[in-house]
Amino acid sequence: MAQRARPLSPFLHYRWQYTNTLSILHRITGVLLSLGFLLLVYWLAAAGSGAERYAAAVDTLGSPLAQLVLLGTAFSFCYHLLNGVRHLFFDLGHGFELQTARRSGWAVAVGAVALGVVVWLVVRAGLGGAA
Amino acid sequence: MSLRSPLRRVTYLGSAKGGSSHWFAQRVTAVALALLGLWLCFSLATLGGASHQHVVAWLSSPVAAALAVLLVLVAAWHALLGLQVVIEDYVGDKGRRMAVLLVVKFAFAVAAVIGVLAVLRIAFGVAA
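Sequence order for the protein chains is A and B.
Numbering follows the numbering used here, in which position 81 of the first sequence is assigned residue number 84; successive positions increment by one, without gaps.
Numbering follows the numbering used here, in which position 76 of the second sequence is assigned residue number 85; successive positions increment by one, without gaps.
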């Protein structure tokens with residue numbers, strides 16, 4: 004039996020809603036966190052190579068560009084964490100009502116920005132403002 | 010024309026293939042990573058300073074070293090599961106998809122081993 008070429012997903016065009024953006028942001032922050040993981044390994048590897056290598060790495064991580072990347076990583080972590088918990092509730096079959104899903108989406112977006120700032124400040128304070 | 014029965018195709022290699030184990034592993038590592046990630050934030054916030062001695066003192070504790078090793082392994086695993094889905098969604102060409110997946114998997118395997126060895130060197134007091 005000959006099979007016709009089937010459409011591949013996503014083959015529909017959806018009207019934009021902010022929940023779409025929340026969904027794609029989960030993916031984007033996930034990819035950013037994968038890069039953040041490599042930064043964590045870089046930091047650990049430097050610490051495991053001795054005090055000199057470590058000092059050089061902390062210098063590198065203290066540059067304005069690296070600080071911006073780390074701030075982005077802190078926000079990505081908070082967003083991916085909060086939205087991840089939201090998705091775990093979805094997986095368990097909760098929170099699918101339109102109103103609830105939109106409200107939890109807003110909570111995640113606002114919470115991620117707030118928590119991101121808190122994590123950034125608290126970690127900076129814990130590290131003595133050095134990195 | 011396939012020689013496999015329809016039942017065989019559905020139960021073993023139907024359209025869903027092995028997706029459920031991938032899906033489930035993604036969730037299990039997500040829960041583990043939520044806890045380990047919060048532990049990392051807490052640890053960094055209470056480190057007391059960013060000097061080498063501070064990091065060495067932190068990872069000299071067996072509990073901290075164990076959790077750090079777990080964090081590296083689970084984070085690499087979770088990242089790979091997620092990146093695999095992203096790559097499979099956006100890289101259409103089969104050959105290129107395979108190549109990109111191999112490069113990413115190898116890179117994260119190398120990174121994970123480096124991370125684990127770094128933590129162990131500190132834990133065992135090799136990193137002076």
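Where is the CB? At the ideal position from N, CA and C, for every residue including glycine.
Residue-level contact to chain A via CB, residue i, 7 Å cutoff
i, result
"B/Leu-16", "no"
"B/Arg-130", "yes"
"B/Leu-92", "yes"
"B/Val-64", "yes"
Beta-carbon neighbours of residue i, restricted to chain B and to distances below 8 Å
i, result
"A/Ala-58", "His-61"
"A/Val-44", "Val-81, Ala-120, Ala-121, Ile-123, Gly-124 and Ala-127"
C-beta contact flag for residue i and residue j at 7 Å
i, j, result
"B/Val-128", "B/Ala-77", "yes"
"A/Thr-32", "A/Ser-107", "no"
"A/Ala-77", "A/Gly-119", "yes"
"A/Val-44", "B/Ala-120", "yes"
"A/Tyr-57", "B/His-61", "yes"
"B/Gly-124", "B/Val-81", "yes"
"A/Ala-104", "A/Gly-98", "yes"
"B/Val-83", "B/Leu-42", "yes"
"A/Val-126", "B/Leu-53", "yes"
"A/Gly-26", "B/Ala-88", "The amino acid at residue 26 of chain A is misidentified as Gly; the sequence shows Ser. The answer is no: Cβ separation not under 7 Å."
"A/Arg-89", "A/Val-111", "yes"
Proximity test, Cβ basis, 7 Å: residue i and chain B
i, result
"A/Leu-130", "yes"
"A/Ala-133", "For A/Ala-133, the predicted model reports a pLDDT of 49, less than 50, meaning its position is unreliable and no value from the coordinates is stated."
"A/Ser-37", "yes"
"A/Val-61", "yes"
"A/Leu-71", "no"
Three-way DSSP call (helix, strand, coil) for residue i in this model
i, result
"B/Ala-136", "coil"
"A/Glu-100", "coil"
"B/Val-37", "helix"
"A/Gly-76", "In the sequence as presented, Gly is not what sits at residue 76 of chain A; that position holds Thr. Three-state DSSP puts A/Thr-76 in a helix."
Proximal chain A residues relative to residue i, where beta-carbon distance stays under 9 Å
i, result
"B/Gly-58", "Gly-129, Leu-130, Gly-131 and Ala-133"
Cutoff 7 Å; reference residue i; Cβ partners in own chain excluding five residues on either side
i, result
"A/Trp-123", "Leu-74 and Ala-77"
"B/His-31", "Leu-90"
"B/Arg-130", "Ala-136"
Close beta carbons around residue i, own chain, < 8 Å, minus the five adjacent residues each side
i, result
"A/Gly-114", "Cys-81 and Leu-85"
"B/Ala-132", "Leu-68, Ser-69, Pro-71 and Ala-74"
Neighbouring residues, chain A, relative to residue i (Cβ below 8 Å)
i, result
"B/Ala-34", "Correct list: empty, because the minimum Cβ distance to chain A is about 13 Å."
Chain B contact residues for residue i, given Cβ-Cβ distances below 7 Å
i, result
"A/Val-125", "Ala-54"
Contacts of residue i in chain A (Cβ-Cβ under 7 Å)
i, result
"B/Gly-46", "Phe-80 and Leu-84"
"B/Ala-41", "Per Cβ cutoff of 7 Å: no residues; B/Ala-41 is ~12 Å from chain A at best."
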